[in-house]
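Heads up: take any position in the sequence shown, counting from 1, add 759, and you land on our numbering.
Below is one structure, written out as structure tokens; the observations come after it.
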Amino acid sequence: MAKKTILFHADDYGANREVSAHILDCYREGALNSLSVLPNGDCLDECMRMLEPYREQVNISIHFNLAEGHCLADPAQVPWLVDERGMFHISFLKVLLLSFGRKRKELKRQIKAEMKAQLARMLPYVDTVRVDSHQHYHMIPVVLAGILESVREARADKNGKPPEITFIRIPAEPLAPYLKHPELYAMYKPINVVKQFVLRILNVMDSRLLKPYRKKSAVFFGILLTGGMSLERVCALLPDFRKVARKRGLPLEVLCHPGGAKRAEDLMDPHNQECADFYTSDKRKMEKDMLMRIGKER
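What follows is the structure, encoded as structure tokens:
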């Protein structure tokens, strides 16, 4: 596959068939050329069959997941991560806080057990490993360490070699492009400002773990506008982000969430209200339309 200088990327492939179909529309008829797959989706096999004709043309990342749906490890082995149904219920903040406490070792053991199960679920579908995560949990050092150790300990071929990590998302979004557009300041939600601040701090905390992979990443675009990547906003900011990427000698990753769903009942965990509200929001259609229109204009 030719190296792409701009990755129009969709998260959450595999959440269900409907979400995945919307994402594939954005590849076939739009600008999308990269996507992340949730390893614990109930219909993963079916969704990967849908993706099969395009696997050589699209980047496929593993969307390591501690935020939504059923765990893949034995629930008895990961009790801190799941509720009585075996569904993930540990927040980003709780993982972060526990990782600084005396129980860090046990937390890491449970996270690593789940990451190993998710990696094993995806290895039949990928030749190399591209790393990102649902809601950016992988930027918490204990989670990133669990993922990296799981990959190192995996056996992907008959020679017993671990799979190669060819990409890691580092969502430490540059501020300069946003500062150049005061007309958009009112669009930035306070929660997204906080997310950007936290992720930039975690990027520094992850320095040792990420050092070998800095050149296997991309300039990231999509935190301050999380959930609201409209055509107008993306087109206003894209040239400035591309300048940053060219200066750093890296591709640009534009994160989108075009995979919407009509019914919460069809999602990985209908009781997860935050995720249900996200998938069923009209903004999913807005982001799909943005990718389709950019694809037609390129």
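Ideal Cβ positions, reconstructed from N, Cα and C, are used throughout, including at glycine.
Predicted model only: the values in this text are computed from it and were never measured.
- The alpha-carbon of Arg1007 is positioned some 20 Å away from that of Leu968.
- Per DSSP, the continuous alpha helix (DSSP H) segment holding His781 begins and ends at 776-787.
- With contacts defined as CB atoms closer than 9 Å, Leu934 and Glu873 fail to qualify as a contacting pair.
- In its chain, beyond the 5 residues on either side, Ile982 have a beta carbon closer than 6 Å to the beta carbon of Lys954.
- DSSP places His940 outside both helix and strand once states are collapsed to three, so it counts as coil.
- In the structure shown, Ile950 adopts helical secondary structure according to DSSP, grouped into three states.
- Taking C-beta separations shorter than 7 Å and ignoring five residues to either side along the sequence, the partners of Lys763 in its chain run Asn792, Pro1010, following chain order.
- Counting the other Cβ atoms within 10 Å of the Cβ of Leu856 gives fewer than 16, which makes it exposed.
- Counting along the chain, Phe847 sits inside no alpha helix (DSSP H), nor does DSSP assign it H or E at all.
- Look at the beta carbons and you see the stretch 875-888 not touching the stretch 842-854: under three pairs across the two are nearer than 8 Å.
- With respect to the C-alpha of Gly987, the residue from Tyr786, Tyr1038, Cys806, Leu794 having the closest C-alpha is Tyr1038.
- The stretch 943-958 makes contact with the stretch 914-933, as at least three CB pairs between them are under 8 Å.
- Assigned with DSSP and collapsed to three states, Val1013 falls in strand.
- A straight-line Cα-Cα distance of about 24 Å links Leu1026 and Met1049.
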